[in-house]
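Protein chains in written order, with our numbering: chain A, 26 to 351; chain B, 26 to 351.
Beta carbons are placed, not taken as given, at the ideal position from N, Cα and C, and that holds for glycine.
Following: one structure in structure tokens, then a few remarks.
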DNA sequence: CTGAAAGCGCTTACAG
DNA sequence: CTGAAAGCGCTTACAG
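Take a look at the structure:
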């Protein structure tokens, strides 16, 4: 079913059909109706491929998400979606699993002209490769940094946020604060660790312990906490770099027969709903995830509308939420 | 950058370039090299739109997910993805939010020939409309029923699973078992409710209470539980139709100063990781979510490979997991 | 083994 | 207001 058939059915030229389809110009009412009727009668659906090939734009953007299972990512996506929808764009989600091979495959949608731009959340260590793959098509990095190259990004000040969280733990009397971190190829992981260390140093606290969870998951958090509990001195507080990890840590603590927060205080990061779901509810850093997502799309749109739009690095606000876990 | 330019650069025809690109036939080694070199030199990327338009296939499928935030959905998607990847397909995720308007918009990817098939998880009440939108392109309904029309689907036997869960509650001595359900436009919600009622009846338990959560979320579950707690007689057990709702219910119970499971037992459904994350951990029905996803893709692939493939309704295995919450 | 040519289904100046 | 025609970037019989 093509525009040709419709044209034949309606007794007009394909140009006229196309004009009706794009409700453009001035088509004589009589003709418009004939076309509309033919369309309805044949249940015609325009071929988007052909249209996009011709116009060289798709009004679709690719969102390369590292892990949809991660509630923080899911929130970011919702923000991106909201903004995109409002601006008449459609979003294609691809789950990269932080795997460069899969990213590469997904990015063919970009180089293949199926989407007009891309929002990524990949580790900043993969940026060189991504940069090469993406070339100079519109691109925004979301909730992870890009400190070189011509890439716009949105995030929060992770060092400050971490410091404030650690400060809170210190001020509530904790002496041995451990960190459960994740893959340091993420810049945000590095920065949160920096914040943690800076704050300890400035408070003259010598005790320090860092474990690296193998994934950003509950079970990895649990395992990381078990490791911490096996060490000679036991921490009296744990700062986990995400709420999911913190939930895992709490579970490990409970299984070891210890209490939260009496024996060990636990704090998370992100401010997802999960932090309220566990008990005791988690102290955490609330990130404005929806807004980060929205902003990421806005930056992308600027680039799509104008290839020479300036590259921006946006820092959003965050805040500490104190709950019963600390 | 087009195939034409490469042809010119390499001093061959576009046909030859195309052949190299599709590593087909037998291109003289000398020419292949010239082409490969030209491609590398110019960093050429094939235009997928043009290719898909020409070949009328994309090796991409659309997954219309009702809510990526839902951990059960996320698991399904991972299963679909695994299978798709293995078969050389790419997946496009669209978040319908159970909104028919958004589904409609996403389905243009189908009618517009951008994808070869679609997997949905929409409420069965929307099927008539979806059927009309989708026409006769390959389509599989995942984790929700389709009892009419020519739609393949994969799921579990919800009635049996519910009955077994309720049986477990009864057998552990519970007398007043409440149900926290969700939107009855989902067939699975209807069936689980049926199972609940059937089992109560067969056990001659008269007491019954059903609340409907406004969403499949923690806070909606909490609210639903609060409603239940306000009624004259208090239940001594609650069966929530999803783990997320169950988590909300537990939170409400705790806030009311009651204990789980001593005062009220709580059971969930789905068997997501969340069920292990809360404390006490949840008794739940484990659905083989990954396998459901994989199966959904396989069914879709059958339809894509052969338009006359038979329509199937697949029922997967499930099992009851008893934990400390009951 | 290779190239000229048709065609996938659209849109858009251009001429009338 | 409308139509004929070119062209987006590919692939694929067809002929050689």
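Taking 8 Å as the cut-off, the beta carbon of residue 308 of chain A is found no closer than this to the beta carbon of residue 96 of chain A. Listed in chain order, the non-local C-beta contacts of residue 121 of chain A below 6 Å within the same chain comprise 89, 91, 127 and 128, local neighbours out to five positions each way being set aside. Secondary structure at residue 56 of chain B: helix, using DSSP grouped into helix, strand and coil. Counting C-beta pairs with one atom in each stretch, the region 192–200 of chain A and the region 167–174 of chain A have fewer than three that are closer than 8 Å, which means they do not touch.
Within its own chain, the residues whose Cβ lies closer than 8 Å to the Cβ of residue 318 of chain B, once the five positions on either side in sequence are excluded, are 100, 101, 102, 103, 104, 105, 106, 107, 108 and 167, listed in chain order.
Short of 8 Å from the beta carbon of residue 112 of chain B, and not among the five residues preceding or following it, lie these beta carbons of its own chain, in chain order: 322 and 326. In chain A, no part has a C-beta under 9 Å from the C-beta of residue 282 of chain B; the shortest such distance is about 13 Å. By the neighbour-count criterion, in which a residue is buried when 16 or more other Cβ atoms sit within 10 angstroms of its Cβ, residue 226 of chain B is exposed.
Counted as a single uninterrupted DSSP element, the stretch harbouring residue 41 of chain B is not any beta strand (DSSP E) but the alpha helix (DSSP H) occupying residues 39–46.
Under the three-state reduction of DSSP, residue 312 of chain B is assigned to coil, being neither helix nor strand. Beyond the five residues adjoining it in sequence on each side, residue 251 of chain A comes within less than 6 Å, by CB distance, of 277 in the same chain, given in chain order.
Residues of chain A with a Cβ closer than 9 Å to the Cβ of residue 115 of chain B are, in chain order, 119, 130, 131, 133 and 134.
Between residue 194 of chain A and residue 290 of chain A, the C-beta spacing is below 8 Å.
Taking residue 56 of chain B as the centre and dropping the five residues before and after it, the same chain places the C-beta of 37 and 41 closer than 7 Å to its C-beta, in chain order.
Where residue 275 of chain B is concerned, the enclosing alpha helix (DSSP H) starts and stops at 268–280. For residue 243 of chain A, the chain B residues whose Cβ falls inside 9 Å of its Cβ are 298, 299, 301 and 302, in order along the chain. Neighbours of residue 72 of chain A across chain B, judged by C-beta separation under 8 Å: 78, 137 and 138. Within the region 249–283 of chain B, those residues whose Cβ lies closer than 9 Å to any Cβ of chain A are, in chain order, 269, 272, 273, 275, 276 and 279. Every unbroken stretch of the beta strand (DSSP E) spanning 3 or more residues and falling wholly within the region 117–181 of chain A is given here in chain order: 142–145, 164–167 and 177–181.
Secondary structure of residue 207 of chain A (DSSP, three-state): coil. A direct Cα-to-Cα measurement between residue 124 of chain A and residue 159 of chain A gives close to 16 Å. Rounded to whole angstroms, the gap between the alpha carbons of residue 256 of chain B and residue 247 of chain B is 15 Å. Per DSSP, the continuous alpha helix (DSSP H) segment holding residue 97 of chain B begins and ends at 96–111.
Taking a beta-carbon distance threshold of 8 Å, residue 349 of chain A does not count as an interface residue toward chain B.
The region 141–161 of chain A makes contact with the region 169–186 of chain A: 3 or more CB pairs, one atom from each, lie closer than 8 Å. When the Cα atoms are used, residue 58 of chain A and residue 70 of chain A turn out to be separated by approximately 17 Å. Spatial neighbours of residue 293 of chain B in its own chain (CB-CB distance under 6 Å, excluding positions within 5 residues in sequence) are listed in chain order as 265, 268, 271, 300, 307 and 309. One alpha carbon belongs to residue 177 of chain B, the other to residue 65 of chain A, and they sit about 28 Å apart. In the DSSP assignment, residue 295 of chain A is bridged to A/311. Across the structure, residue 81 of chain B and residue 183 of chain B are spaced so that their CA atoms are roughly 39 Å apart. For residue 87 of chain A, the enclosing beta strand (DSSP E) stretches over residues 85–90. Residue contact check for residue 96 of chain A against chain B: a CB pair falls below 8 Å.
Close to residue 125 of chain B, with beta-carbon spacing below 7 Å, lies no residue of chain A; the smallest spacing is near 14 Å. Remark: C-beta atoms of residue 137 of chain B and residue 73 of chain A approach each other more closely than 8 Å. Excluding residues up to 5 positions away in sequence, nothing lies with its Cβ nearer than 7 Å to the Cβ of residue 94 of chain B in the same chain. Within its own chain, the residues whose Cβ lies closer than 8 Å to the Cβ of residue 242 of chain A, once the five positions on either side in sequence are excluded, are 94, 269, 270 and 273, listed in chain order.
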